[in-house]
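This note's numbering puts the sequence shown at residues 15 to 215. Glycine included, C-beta positions come from ideal geometry on N, C-alpha and C.
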Amino acid sequence: MSASNVLRFACQCGAVRGKIANADPRHGDYVVCHCSDCQDLTRYLGQADRVLDAHGGSHLYQSRCASVTVDQGRERLAGLHMTEEGTLRWYAECCNTPLFNTYANGKIPYITTQLAACDGTGRGSLGTPLGHLFLADATGDVSGLRALKMNKLMRRFFVRMVKDVVSGDRRRAALFDARTLEPIAAPKRLTAAERAMGIAP
């Protein structure tokens with residue numbers, strides 16, 4: 015594997031570090047998500063200025079779950095649910111850096127990495143974004159942004175998911191127990207009041 019295909023990530027204080035193998039357009043999807051959940055997550059963690067772009071977008075890379083390795087700080091990872099839906103959002107509790115999005119458990123295998131936490135020099139291997147999701151929630155003039163339909167992204171995701179299930183690779187996911195496929199840290203579910211408050215205590 016060439017070094018150019020390895021994308022390294024770290025939390026803001028450096029306690030959590032790891033890498034994504036095969037980080038390129040052939041093995042994953044670089045997208046920008048403008049949904050209110052992604053925006054509210056960064057505000058809750060006090061990271062909006064660092065993560066969100068000028069249109070309120072989070073730059074994300076969705077890949078096969080076994081491609082992501084956490085080399086240090088696994089015990090510092092925490093997860094939360096913004097809503098009653100299944101999306102689990104992972105962050106480094108040491109410095110509140112948002113890092114990943116996954117499903118609530120490893121039975122539906124996917125992992126999306128926050129590119130704001132990734133090495134800027136390695137991001138060039140991802141190419142340009144496939145498109146922008148949830149532009150209705152974006153800020154400012156988005157007429158120049160290319161919209162991405164969720165069903166197109168889901169079709170691409172489905173191929174990777176089947177590979178992870180059939181090969182058994184979903185049991186190699188860094189964020190889930192290999193036997194039970196449950197998250198390695200018990201997630202917190204935000205209340206409406208906590209979400210409205212806008213910043214983690």
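Taking the beta strand (DSSP E) that residue i belongs to, which residues open and close that run?
{"i": "D43", "result": "G42 to C47"}
{"i": "D85", "result": "V82 to Q86"}
Mind checking residue i: buried by the 16 CB within 10 Å criterion, or exposed?
{"i": "G79", "result": "As written in the sequence, residue 79 is Cys, which differs from the Gly given in the question. The residue in question, C79, is buried, as its Cβ has 16 or more Cβ neighbours within 10 Å."}
{"i": "M211", "result": "exposed"}
{"i": "M164", "result": "exposed"}
{"i": "T97", "result": "exposed"}
{"i": "F148", "result": "buried"}
{"i": "A130", "result": "buried"}
{"i": "V84", "result": "buried"}
On the DSSP bridge list, what partners appear for residue i?
{"i": "P197", "result": "F190"}
{"i": "R103", "result": "L94 and N115"}
{"i": "R185", "result": "Partner(s): none; R185 has no beta bridge."}
{"i": "F23", "result": "G32 and C132"}
{"i": "A161", "result": "H146"}
{"i": "K202", "result": "L94"}
Could you check where the alpha helix (DSSP H) with residue i kicks off and where it finishes?
{"i": "K177", "result": "M164 to S181"}
{"i": "L74", "result": "Taken as a continuous stretch (DSSP letters only), L74 belongs to no alpha helix (DSSP H), being part of the beta strand (DSSP E) at S72 to S77."}
{"i": "Y58", "result": "S50 to Y58"}
{"i": "V65", "result": "A62 to V65"}
Excluding the five sequence neighbours on either side, which residues of its own chain have a C-beta within less than 6 Å of the C-beta of residue i, listed in chain order?
{"i": "Q128", "result": "P112 and L113"}
{"i": "G87", "result": "A29 and V30"}
{"i": "K33", "result": "V20, R22 and T83"}
{"i": "G93", "result": "L102, W104, P197, A199 and P201"}
Go through its chain and collect everything with a Cβ distance to residue i's Cβ below 8 Å, but skip five positions before and after it.
{"i": "S139", "result": "S18, N19, L21, A37 and D38"}
{"i": "E107", "result": "R90, L91 and A92"}
With a threshold of 7 Å on Cβ separation, who are the neighbours of residue i within its own chain once the five nearest residues in sequence on each side are excluded?
{"i": "T153", "result": "H69 and G70"}
{"i": "G145", "result": "V45, R160, A161 and L162"}
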